[in-house]
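Its first residue numbered 15, the sequence shown is counted upward by one per residue in the working numbering. Single-structure report; data block below.
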Amino acid sequence: MTREKTAGQMAAGRFLQVVAAGAVGLPVLLLGCGGGAPEPAPTGEPTEAVVAPAAVPEPEVVIDPLTPEATDEEIVDHLLAIEGQGAVSVELSRHLPNLDRARAYRLQRMRRDRKTPADPQVGWKIGWSRQTDPRVAIDPVFGHILRSNIYTPGRPVSTAGFVGGEALVEAEVAVWLGQDLPGPDVTRDDVMAAITEVGGVIELLNPRIGPDGDGPNTHDHGIADNVFHIGVMLGEQRAAPADVDWPAERVVVEIDGEARGEGRLSSVMGRDPIAGVVWLANELLAYGEQLRAGEFVITGTVVAPPPVAAGGSARLTFTTLGTVELVVE
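In structure tokens:
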């Protein structure tokens, strides 16, 4: 295996500048993996078989680059590759700096549809919904959650696919729906009537779309990559929506037993998670989607997310919604 750039490799376009697993923050030129057969024994040497030394595998990521003319299918291939290989790519921000929201959500939907035949969607996530200063505008977005994205309580979470073996920990609440909420005129009362229960949730995520130097890296780039979602640990303690003091409920985040942040549910959409679900129900209609009975929605972090790494743990402690914890192996 070589990391030398041959003319043939360059012509084949098998390079991509990314941050690979184990090298977060360092741009790495990733090459295709090539090799040849062992050289035969020189003539005149004994006829004993020549045994090639065992190859030592290297952690290497091979992902096709993009171009400004990349098709939606090619972009989705790229997004799924960086997700599966735990890499950060600058290709989307480099070649599609002005990616618009409609195309970003189309790419996200295509990405989902590649998986859902065998892995059904069970929920939705809201991102960039935290507003601690009403003078600062927010730009919330949504993503999807598949059945395979739900972790099993008490079972360690694998770092497979994590960028650099780490993930960010978001402290959120989830609401479960007992009835459909089709937009565009969903109200706060509609949402409260549709929610069957509320619980705490840890979301793990990895920003996989990096900036190209000083170029733009927008929310629309994140939308295309499903708002960087990895998975969720759902709290086992649940409450009825009427029993939650939405503005006052607080949560403390601990990483490896050390408090790393504290926040209130009132920071979601500058009001509370119910406002987030109202926004989502009405926003989905513009993209041909809707909230359905049986799904759940996670409404966005209320704390700046700290990282957790292999061998570490994360724990949320809510005022009334109990605790949620996970261990990363």
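Built from N, CA and C at the ideal position, the CB exists for glycine as well.
| query | result |
| --- | --- |
| CA-CA distance, T334 and G308? | 24 Å |
| Would you tell me roughly how many angstroms separate the C-alpha atoms of A323 and P221, rounded to the nearest one? | 15 Å |
| Going by CA-CA distance only, name the one from L294, P79, D91 that's closest to T201. | L294 |
| Look at the alpha carbon of F242 and the alpha carbon of Y165, and state the distance between them as a whole number of angstroms. | 16 Å |
| Quickly, what does DSSP pair L299 with across the bridge? List them, please. | According to DSSP, L299 bridges with nothing at all. |
| With H, G and I counted as helix, E and B as strand and the rest as coil, what does DSSP make of L248? | strand |
| Buried or exposed for N112, please, with buried defined as at least 16 other CB atoms from any protein chain shown within 10 angstroms of its CB. | exposed |
| I want to know whether the region 120 to 137 touches the region 256 to 270 - three or more CB-CB distances under 8 Å. | no |
| Which residue's Cα is closest to the Cα of E343: P79, S327, D203? | S327 |
| What is the residue span of the alpha helix (DSSP H) that V349 lies within? | With the chain covering only 15 through 343, there is no way to say anything about residue 349. |
| List the whole-angstrom C-beta distance separating E211 from A254, where the pair is believed to meet the contact cut-off of C-beta under 8 Å. | 6 Å |
| State the DSSP-derived secondary structure class of L106, mapped to helix, strand or coil. | helix |
| In the DSSP assignment, find the unbroken alpha helix (DSSP H) run with A273 in it and report its ends. | No alpha helix (DSSP H) contains A273, which is instead part of the beta strand (DSSP E) from 272 to 278. |
| Are the region 103 to 121 and the region 220 to 238 touching, with three or more C-beta to C-beta distances below 8 Å? | yes |
| I'd like to know if the region 99 to 115 and the region 176 to 192 are in contact, where contact means that at least 3 CB-CB pairs between them fall below 8 Å. | yes |
| In its own chain, which residues sit with a C-beta less than 6 Å from the C-beta of R126, not counting the 5 before and 5 after it? | H158 |
| To the nearest whole angstrom, what separates the beta carbons of L299 and L191, a pair I think is in contact under 8 Å? | Contact doesn't hold; Cβ gap of about 16 Å is too wide. |
| For E268 and L330, I'd like the C-alpha separation in whole angstroms. | 6 Å |
| If we count the other Cβ atoms within 10 Å of its Cβ and call it buried at 16 or more, is Q193 buried or exposed? | exposed |
| To the nearest angstrom, report how far apart E250 and L106 are at their CA atoms. | 38 Å |
| What is the residue span of the alpha helix (DSSP H) that Q122 lies within? | 115 to 129 |
| Leaving aside the five residues before and after P321 along the sequence, list all residues of the same chain whose C-beta is less than 6 Å from its C-beta, in chain order. | E180, L182 |
| Since T313 and S143 are thought to touch, with beta carbons under 8 Å apart, how far apart are those beta carbons, to the nearest angstrom? | 6 Å |
| Looking at V189 and V311, is the spacing between their C-beta atoms short of 7 Å? | yes |
| With the cut-off set at 7 Å, would you say G284 and Q145 are in Cβ contact? | yes |
| Measuring straight from C-alpha to C-alpha, what distance separates R375 and L219? | The displayed coordinates of the chain run from 15 to 343. Any statement about residue 375 would go beyond what the structure contains. |
| Cα separation between D234 and N163? | 22 Å |
| Rounded to a whole number of angstroms, what is the C-alpha to C-alpha distance between L340 and E83? | 42 Å |
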